[in-house]
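Going by my numbering, the sequence shown opens with residue 756, and the numbers climb by one from there. Where a beta carbon is used, it is the ideal one built from N, C-alpha and C, also for glycine. All values derive from a computational prediction rather than experimental measurement. Here's the structure, in C-alpha cells; my notes come after.
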Amino acid sequence: MRSTKYVDDCCRSITAAREYPTDVYLVQLVRLHCLVDRISRALSPDDFNSASQDGFWSTPIAMAVKALETDLRRAEEEFKLDIVMENQQGQGHDQDEDAQSYRPSQPHSLASDLALVCKIHCDNVRLFLYGIALEDLDGLRNPWVNGEPGSTTNMRLPMIVNLVHSLVPVFDTICSWPTRSFFNVPFSVFAIYSHAALILAKLCVLSPDNVPGWDESYLQRYGLDIVSILQAVESKYADISRQIHSPLEIERDSFRRDGRSVVSAQTDRVVSRLRCIREVFESRRKIKRHRHSHPQQQLQDQQHHQYQHQHQRTLVEPIQQQTLDRPALNGYGQDLPSMATQNTADEYSGDPSATLIPSVHISPEELLEMSVTGAGLFDYLDDEFWRQLV
C-alpha cells in the first residue's frame, strides 16, 4: 500500500467517525502498511545497486533509520491512544447492535486477537526496518554513513543487535498465543513468522568476518535458539491441525475437498517442512561441535570446501531448471525437487513429494561443507525456499 495524503485523510476520517470498534485496528494496520512503503522507498536495495556505480549512497542509512524509528514509535503511541479513547467511548454510552456484535465477551475475544495482530505487524515493521543490516552491501565503499568510511561496521552491528531484540517478541507471541486464536487471524500473520524465521536463520550463519564483533552466542542469550524455536512453532502448527479435525471445526469448515480440510493439508505440509528445516540446523550444530573437538580436521575441510561447493552448484542448477517445468502438486503450490546422494554422485530422486532439504538427502560430508561456513547453506535455503515454507 502506497503512503499518500489521500490514504492519510481516509484514516483520519475513519478515526473521527468511530462507527465500529474495529475501525481503530483497521486504521493502525493501514498506517503500518504505509510506513512499510516509506521504509521500502527510503532503504531500497535497488538504491544500493545504483549507488555502487558511484561508490556512495545518496542518503545516510543511519539517518534514515533513525527517522523511520521515530515514525514507528509515533504510530504505536497513536494506536495506544486510540485504544484508550475507544474503551472510554464503549463504557460511556451504549453501542448500536451492529457495533456491539464486534465486542465478543470470550476470554480470547476477537478484539484481543486484533490487538495482537496489530502488535505483530508492529514487530514485523521493525524486522523490515533493521533487516537492511543483513543486505549484501558488497561494492559500496560507504553505504551506511556518507563521508565516513570507517563508520560502516560501527553502524551495522547496532542495527543487527536491534534486529535480534525485535525477533524476541515475534516468537514469544506465536508460542504463547492460544491455538484457538489462530483461526481468527489473517494469513499475513503466518507470513510474518516465516519472515522472522528467515531472518533468524540468516543470523545463525552470519560470519564475524562480515560483521566484526558479531557473536552467534548473542542469540542464545536472548532465547533465540533456532532449533528450540522451530520445534515450538512446529508443535503449535500440529495443535492447529488437531483442532481442525475436531467435530466442531469439521462442521464449520467450508474449505473441504474430497472430505479433507484444505487448511489441514496446508498445515500438515508446513509441519513437515518445519521439521526438515529444524533437522538441518540440528545437523549443523552437531557438526560444529565435532569440529571444535577435532580441530585438525578443520583445515582439511576448508581446503576441500571451494571445490565441493562449486561441484554442488553445478549439480543444483539443472535440477532447479527441471523444477520450473513441473506442474503444481495437489493444487497447493509447486514443490522443489530433492537431491539424493549416492556415494559422491548426486541425482534427482524423482519423488514428487520431496523437497530440497540438505539434512535429508545430502551426505554428512556435503552438509559439513555447506553448513559450517554458511556459504553453501543458503544456496538451498534461499528466500524463495523460505517463502514456500509457510
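- Ile-794 and Leu-884 do touch by the CB rule: their CB atoms are close to 6 Å apart, below 8 Å.
- DSSP, reduced to helix, strand and coil, places Leu-882 within a helical segment of the structure shown.
- For Glu-971, no alpha helix (DSSP H) run applies, since DSSP gives it neither H nor E.
- Taking C-beta separations shorter than 7 Å and ignoring five residues to either side along the sequence, the partners of His-788 in its chain run Met-756, following chain order.
- Distances from the CA of Leu-979 to each of Lys-991, Ala-993, Ala-952, Arg-935 were compared; the closest alpha carbon is that of Ala-952.
- From the listed residues Arg-786, Ala-817, Gln-783, Val-782, the smallest Cα separation to Ala-797 is found for Ala-817.
- Taking every protein chain shown into account, the CB of Leu-836 has fewer than 16 other CB atoms within 10 angstroms, so this residue is exposed.
- It is roughly 25 Å from the alpha-carbon of Arg-1030 to the alpha-carbon of Leu-889.
- In this structure Val-872 touches Val-940 by the C-beta definition: roughly 6 Å separates them, less than 8 Å.
- The beta carbon of Ser-921 sits closer than 7 Å to the beta carbons of Asp-878, Arg-881, Leu-882, Tyr-885 from its chain, once the five residues preceding and following it are set aside; these are given in chain order.
- Contact between Ile-875 and Val-779 fails: their C-beta atoms lie close to 16 Å from each other, not under 8 Å.
- Under the 10 Å beta carbon count, Ala-866 is surrounded by 16 or more other beta carbons and is classified as buried.
- Taking a C-beta distance under 7 Å as the contact criterion, Ile-981 and Phe-926 do not qualify as a contact pair.
- Nearest C-alpha to Ala-1020 among Ser-768, Arg-997, Ser-936: Arg-997.
- Boundaries cannot be given for Glu-890, as no alpha helix (DSSP H) includes it and DSSP labels it neither H nor E.
- Residue environment analysis places Met-914 among the buried positions, since at least 16 neighbouring C-beta atoms fall within 10 angstroms of its C-beta.
- In the structure shown, the three-state DSSP call for Tyr-780 is helix.
- Looking at Glu-1034, Phe-945, Trp-969, Pro-933, the one whose alpha-carbon comes closest to that of Val-919 is Trp-969.
- Around the beta carbon of Pro-933, a 10 Å sphere encloses fewer than 16 other beta carbons of the protein chains shown; the residue is thus reported as exposed.
- In the three-state reduction of the DSSP assignment, Tyr-977 falls in the coil class.
- Annotation: Arg-935 to Ile-947 spans about 19 Å, alpha carbon to alpha carbon.
- Here Arg-976 is exposed: its Cβ has fewer than 16 other Cβ atoms, across all protein chains shown, within 10 Å.
- Residue environment for Lys-991: buried (at least 16 other C-beta atoms within 10 angstroms of its C-beta).
- Under the DSSP assignment, Val-762 falls in the alpha helix (DSSP H) whose first and last residues are 760 to 772.
- Phe-938 is classed as exposed because its beta carbon has fewer than 16 other beta carbons within 10 Å across all chains shown.
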